[in-house]
Amino acid sequence: MKSRRLGACKAGLVLAFGGAALLASTVAGVARADVAIPFTRTTLPNGMVVILHEDHAVPTVVVNVSYNVGSRFEVTRRTGFAHLFEHLMFMGTRRAPTKAFDAWMEASGGWNNAWTSQDRTDYYDVGPPTALDLLVWLEADRLRDLGPLMTLEKLDAQREVVRNERRQTSENTPYGKVELRMPELMYGAEHPYHHPVIGSHADLEAATVDDVKEFFAKHYDPANASIVIAGDIDPKHAKDLVDRWFGSIPSRGAAPDPGAPGFSDTKTTLTSVVRETLEDDVELPKVVMAWQSPKHFGPGDAELDILSAALATGKASRLYKALVYEQKVAQTVSATQESSVLGSRFTVDVIARPGVPLEKLEAAIDKELEKVRKAAISDEELDRAKNLIETQFVVRLEGVRERASLLNMYQAEVKDPGFAPKDLERYRRATKEQIKSAAETYLVPNARVILRVVPKAKKAAAPGGKK
Numbered sequence: 046m047k048s049r050r051l052g053a054c055k056a057g058l059v060l061a062f063g064g065a066a067l068l069a070s071t072v073a074g075v076a077r078a079d080v081a082i083p084f085t086r087t088t089l090p091n092g093m094v095v096i097l098h099e100d101h102a103v104p105t106v107v108v109n110v111s112y113n114v115g116s117r118f119e120v121t122r123r124t125g126f127a128h129l130f131e132h133l134m135f136m137g138t139r140r141a142p143t144k145a146f147d148a149w150m151e152a153s154g155g156w157n158n159a160w161t162s163q164d165r166t167d168y169y170d171v172g173p174p175t176a177l178d179l180l181v182w183l184e185a186d187r188l189r190d191l192g193p194l195m196t197l198e199k200l201d202a203q204r205e206v207v208r209n210e211r212r213q214t215s216e217n218t219p220y221g222k223v224e225l226r227m228p229e230l231m232y233g234a235e236h237p238y239h240h241p242v243i244g245s246h247a248d249l250e251a252a253t254v255d256d257v258k259e260f261f262a263k264h265y266d267p268a269n270a271s272i273v274i275a276g277d278i279d280p281k282h283a284k285d286l287v288d289r290w291f292g293s294i295p296s297r298g299a300a301p302d303p304g305a306p307g308f309s310d311t312k313t314t315l316t317s318v319v320r321e322t323l324e325d326d327v328e329l330p331k332v333v334m335a336w337q338s339p340k341h342f343g344p345g346d347a348e349l350d351i352l353s354a355a356l357a358t359g360k361a362s363r364l365y366k367a368l369v370y371e372q373k374v375a376q377t378v379s380a381t382q383e384s385s386v387l388g389s390r391f392t393v394d395v396i397a398r399p400g401v402p403l404e405k406l407e408a409a410i411d412k413e414l415e416k417v418r419k420a421a422i423s424d425e426e427l428d429r430a431k432n433l434i435e436t437q438f439v440v441r442l443e444g445v446r447e448r449a450s451l452l453n454m455y456q457a458e459v460k461d462p463g464f465a466p467k468d469l470e471r472y473r474r475a476t477k478e479q480i481k482s483a484a485e486t487y488l489v490p491n492a493r494v495i496l497r498v499v500p501k502a503k504k505a506a507a508p509g510g511k512k
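Offset between the sequence shown (1-based) and my numbering: plus 45.
Printed below as a string of structure tokens:
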């Protein structure tokens, strides 16, 4: 089963509790790391962007193909198509029949996966240098022919896989319903982020072969894609492979980006507190607070990343110390700036301790958030959060697969594969005052979603002791 990613691919944040402080200490007091990723970039006549990154440190090659299509490109009553196609792309062509894609790649020592977000879909293949020719050919083959050769049998097979994934990862996972409901509460029906990436059962069931072929023809085009080939490669040979297999694929032109007419990520569209309570098969209740926040790489995005680390990463963080350790009203806490292209979501997520009323838990959360709106975080908190972020940023760059992913993310979002140093510099230059300003501007108490998840009410026992 292919993986699914909700939200944008970010270069840093947030380390798990275990080892976070130790890793952060490797950055503090050390000269700033050079995070530049060497690359070359060209564009094929059909519009496909080709990015090459040569690194012979380990005998591994990565082929990463990113398509500028995510759930926000879907139309009403046809949600879930971007994620459905992430699965359909493995269903075979005339030259590489169903199951051959994985089988041939694994026989060559390679493996693959993919993910879908609101903004784009990313496919990546990893293998030894001897597998490069096969990896490139397989990716080009399915881009050329998979859509026109779609059949009802293939669609039905993956439609059911995706519906089962929705059940397993959201509907039948503790607290998983939050990710299905939160987008609908955060944004109006006219906004492209209104529906979850995985779509709805009704829309998936209603999809026809013609719908799927139309979606492929519109979005799976060389001009709507970029390919990164990274690792232990000969750049000339890699470029020749791309020219040979991708260069001959005709282009219909990149699909227009519908954006979000009338929406600005600098001003929330929420005008009040939106409340809802969900029942779920859980033991402990949870409170999730969410705000609309700045888009990825926009002013305030990095500052809110830093604030989320200061609030909820590690036992010294604000929310952990106050709610878990001192007041003992929370079991777990987390805070995240979930960044996307059109706008982001800042979320505070807290599981209550047994017996704690959710009103009391909400009041405790609000008290801590009011503090960061009224006064800047301390120098120690700022340094700790920055060290955590920079450490994870640098650690991520150690892997060639992650470097390939970042090159394609930067190309897709800022049209500059070499953006890594500028990305990290956003965090390095952020000040306490800027973080406080971002909290004041975006984490307002009267424009947010508060979603409670509570245990399902137990059914009363029937006479005779039967349920």
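Where a beta carbon is used, it is the ideal one built from N, C-alpha and C, also for glycine. Owing to the predicted nature of the structure, the values given are computational and were not obtained by experimental measurement.
So what's residue i in DSSP terms, helix, strand or just coil?
i, result
"A492", "coil"
"P104", "coil"
"Y112", "strand"
"H98", "strand"
"D266", "coil"
"I272", "strand"
"S353", "helix"
"L68", "Its pLDDT being 41, under 50, L68 is placed unreliably in this model, and the value from its coordinates should be taken loosely. Looking at L68 - three-state DSSP - the assignment turns out to be helix."
"N453", "helix"
"G388", "coil"
"T143", "coil"
"A380", "strand"
"V374", "coil"
"R208", "helix"
"N432", "helix"
"D186", "helix"
"I480", "helix"
"D201", "helix"
"I278", "coil"
"V369", "helix"
Contact defined as beta carbons within less than 8 Å: I believe residue i pairs with residue j. What is the distance between those atoms, to the nearest angstrom?
i, j, result
"I494", "L230", "At residue 494 the sequence reads Val, which differs from the Ile that was named. Indeed they touch by this definition, with Cβ atoms about 5 Å apart."
"V445", "V107", "5 Å"
"Y265", "Y112", "6 Å"
"F391", "S338", "4 Å"
"I410", "V332", "7 Å"
"P174", "D288", "Between D288 and P174 the Cβ distance is about 19 Å, and since that is not below 8 Å, they are no contact."
"V498", "L323", "5 Å"
"V417", "K481", "7 Å"
Please classify residue i as buried or exposed, where buried requires at least 16 neighbouring CB atoms within 10 angstroms.
i, result
"K431", "buried"
"T88", "exposed"
"K281", "exposed"
"W156", "exposed"
"K222", "buried"
"P193", "exposed"
"P228", "buried"
"Y168", "buried"
"A247", "exposed"
"T381", "buried"
"S362", "buried"
"N491", "exposed"
"P399", "exposed"
"R211", "buried"
"Q203", "buried"
"N217", "exposed"
"K199", "buried"
"Y370", "exposed"
"V103", "exposed"
Please state if the CB of residue j and the CB of residue i are separated by a distance shorter than 9 Å.
i, j, result
"Y188", "P267", "A small fix is needed here, since residue 188 is Leu in this sequence, not Tyr. Contact flag set, yes."
"E383", "D164", "no"
"P237", "A305", "yes"
"P466", "A176", "no"
"F261", "M195", "yes"
"V171", "A283", "no"
"L368", "V395", "yes"
"T124", "H240", "yes"
"I274", "H98", "yes"
"V242", "H132", "no"
"I96", "P500", "no"
"E435", "A78", "yes"
"L433", "A354", "yes"
"M150", "L179", "yes"
"K419", "V386", "no"
"T253", "V489", "no"
"W290", "A185", "yes"
"E119", "G298", "no"
Does any C-beta atom of chain B lie closer than 9 Å to the C-beta of residue i?
i, result
"V386", "Among the protein chains of the structure shown there is no chain B, as only one such chain exists."
Exercise for the section: With a floor of 4 residues, list each alpha helix (DSSP H) that falls wholly inside the stretch 288-347, ordered by position along the chain. Expected result: none
Practice task
Pick out the complete alpha helix (DSSP H) segments inside the stretch 159-183, 4 residues or longer, and give them in chain order.
Solution key: none
Handout entry: Ordered list of beta strand (DSSP E) runs contained in the stretch 224-264, each at least 3 residues
Key = Note on the stretch 224-264: there is no whole beta strand (DSSP E) run with a minimum of 3 residues.
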